Structures are given as structure tokens and as C-alpha cells.
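Note sheet for the following structure.
Residue numbers (mature numbering (1 follows the signal peptide of the UniProt record, and there is no 0)): -30 to -1, 1 to 288.
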């Protein structure tokens, strides 16, 4: 390491506007507990808390120090004080972020069946009628940790269907309180009529098999923040930045060990949206779905001991 702990502590005091401290701080988490006595000139669509300004400023300091530590910038180019303030800081809206934890399964039920016997010495062709099954889909969303913000926001999630595709549904959450909401939608599935060839002396049973899906997962309720995070200042005073989305989401840019050393908040609370924007977790929720996921017509040749799917139904409107 190029810088000693004492110098690092002095730099951090400067970054947080605490030159009057009597002892040199070497613990950034302790420093984070004291708000930065600074203001930002960046315009925004809604008020941004001092906590967020502090947190992004410390990201700036830690990223700059990391780059100095590994020789990517010179000592004279590393940042402290107001140079660490985020640029172009904007908080425009709220969002729901899907976590990658969906658990899903399918359950089958035989809803109708017919048996065809061929007692002749020639192939026979039988016809099945079209068949329609109606099911009431149920989507329940619950806010488990409210954000205390009076707004309602939704996100689309793809529920897996039997055939491998997804069915898109809306998940809607109220940020203001811990509430549960259930939305029910009735949908019909249809399998068209089919021609069934039955060999001489064979018996074939056809079954209309309906599948339901069960899916559950969690979401983060997020405040969407855009900012440019400073990391370097050249001899002419020009400030160089990285987008907030890349700073929180790219671990090749801002290393985990430096994040964990300097940022008291879990990195999982920040999700990259794009280069410049990130979602910051301010609440949490879950969802549970019970829905129709597939409808097939099976032909079981009892004589030969074989089974095949001869038709796949679709939900009406697909």
C-alpha cells in the first residue's frame, strides 16, 4: 500500500469536511455517521436526502483512493473534500426491481378423457372434439418492508409456461405501507379437435391434461438515482467521473474489498440500471402466483404401452 493509515485518515477527514477533528479517522464507517456539511448544486426532480449525498460522496472518495492505491492515478489526482460531491445528481422516480429468486413448479390435472377401441383388422380414425378449460389466475403482491413513500409502482414479470415460453403479468406495489393485494383474471384455454389413428386390435385413451403453475419471488422497492461519481482531478482542475450505475454494479471498476472497507451499506442494496443510473433499495416485497400454465391432449396406446402428446392448447387471446 502506498499511503499510510494516517494519511488515509487525513484524506477522509478532508472528504467529509471534518478538518476540526482532533484524532485522525481511519474507520470510514465511523466517518459516515457524521453528515457532510456540504450542499449540491445539481438540480433534481425531487429532494435527495443528505444520506444519499453522503453515501455517493464516500463512494467517490473510496474509488479515487482505490485507483491511487493501485497506481491508476497519481497522488495529486486523488480526491478529497467537495471534489467528492456527485455531479448531475438526480432522483426522478421510483421503481420495482425483480430479484433473481423466482421459484416455480407445474401441477397437472386430467380434466377429461375418452377411450377408442379398434376391434377390426384395419386402421381406424376417430375424431376428438375441441375442448375448453377455464381457470382463474391469481397474483398476490405484498409489501413486506414499506418505504414510507406515498406512491404505487409496478413491474412486469414473466411467469413460465409449460411450453417453455413466458406469460407476462404486472406486479403492483404500494410503497407507503405493508399491504397485500390480490388480482384475479379468468382465462380460457382451448385444444382443437384432433384425428386419432388407432391400429387394428388396439385401444387408445386420450386425455385432456391441464397444467397450473405456481411461482413466487421477491422484489426490491427502489429509488432511482442518476449521478456522475468523481474519481480524479487533473492539474488543470478538470474532474473525471464514472456513472453511478457502473460504480455500484461493475466490480471490476470498484472492487468489493474497497466497497466493504469504506461503505457500511450492503452492495446488494444498489442495482445497476444503466451506466449512469442505479436503483437504491428503500423497501421490499414478495409475490405469489397461481395460474394456468398449459393444456395438452395426450394419446395413450394401452395395447402398445406408448404415450404421446398429439396437441397443445393455447389460452384464448394468445
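From the three backbone atoms N, C-alpha and C, an ideal C-beta is built for every residue, glycine too. Since the structure is predicted, the reported quantities are computational estimates derived from the model, not experimental observations.
* Asked: If you scan the segment 105 to 178 from start to end, which runs of the beta strand (DSSP E) of 3 or more residues do you find wholly inside it?
  -> 122 to 130, 136 to 144, 150 to 161 and 165 to 168
* To do: May I have the straight-line CA-CA distance separating residue 51 from residue 31, to the nearest angstrom?
  => 9 Å
* Asked: Nearest to residue 118 by alpha carbon, out of 145, 179 and 106?
  -> 145
* Contacts around residue 140, its chain only, beta-carbon distance under 7 Å, and the 5 residues preceding and following it disregarded -> 124 and 126, listed in sequence order.
* Could you spell out the range, first to last residue, of the alpha helix (DSSP H) harbouring residue 227? => Taken as a continuous stretch (DSSP letters only), the alpha helix (DSSP H) holding residue 227 covers 226 to 232.
* Asked: How do the segment 160 to 175 and the segment 83 to 98 stand: do at least 3 beta-carbon pairs fall below 8 Å, yes or no?
  -> yes
* Asked: Just the Cα atoms here: how many angstroms apart are residue 239 and residue 158?
  -> 40 Å
* Asked: Secondary structure at residue 45, three-state DSSP: helix, strand or coil?
  -> helix
* Compare the beta carbon distance of residue 264 and residue 133 with 8 Å and say whether it is the shorter of the two. => yes
* Would you identify the three-state DSSP class for residue 100, choosing helix, strand or coil? => The DSSP-derived three-state label of residue 100 is coil.
* Would you kindly report the start and end of the unbroken alpha helix (DSSP H) that includes residue 274? => Looking at the DSSP string, residue 274 is not in any alpha helix (DSSP H), and its letter there is neither H nor E.
* Top-ranked residue by Cα proximity to residue 283, from 128, 100 and 150 -> 100
* Asked: Are residue 98 and residue 179 close, meaning C-beta to C-beta below 8 Å?
  -> no
* Asked: So what does DSSP say about residue 73, is it helix, strand or coil?
  -> strand
* Buried or exposed: where does residue 17 fall if 16 or more other Cβ atoms within 10 Å of its Cβ makes it buried? -> exposed
* Residue range of the unbroken beta strand (DSSP E) whose run includes residue 210 -> 209 to 213
* To do: Spatial neighbours of residue 67 within its chain, please: CB distance less than 7 Å, with the 5 preceding and 5 following residues excluded, ordered by chain position.
  => Sequence-distant partners of residue 67 (beyond 5 residues in either direction) whose C-beta falls short of 7 Å from its own C-beta, in its chain, are 189, 190, 192, 241 and 249.
* **C-beta atoms of residue 214 and residue 236 nearer than 8 Å** => no
* Going straight from the alpha carbon of residue 271 to that of residue 74, what length do you get? -> 31 Å
* Is residue 162 buried or exposed, if buried means 16 or more other CB atoms sit within 10 Å of its CB? -> exposed
* With DSSP as the reference, please indicate the residues paired to residue 87 in a beta bridge. => 173
* Assigned secondary structure, residue 63 (DSSP; H/G/I helix, E/B strand, else coil) -> strand
* **Exposure of residue 185, with buried meaning 16 or more beta-carbon neighbours within 10 Å** => Buried.
* Asked: Is the beta carbon of residue 194 sitting closer than 8 Å to the one on residue 62?
  -> yes
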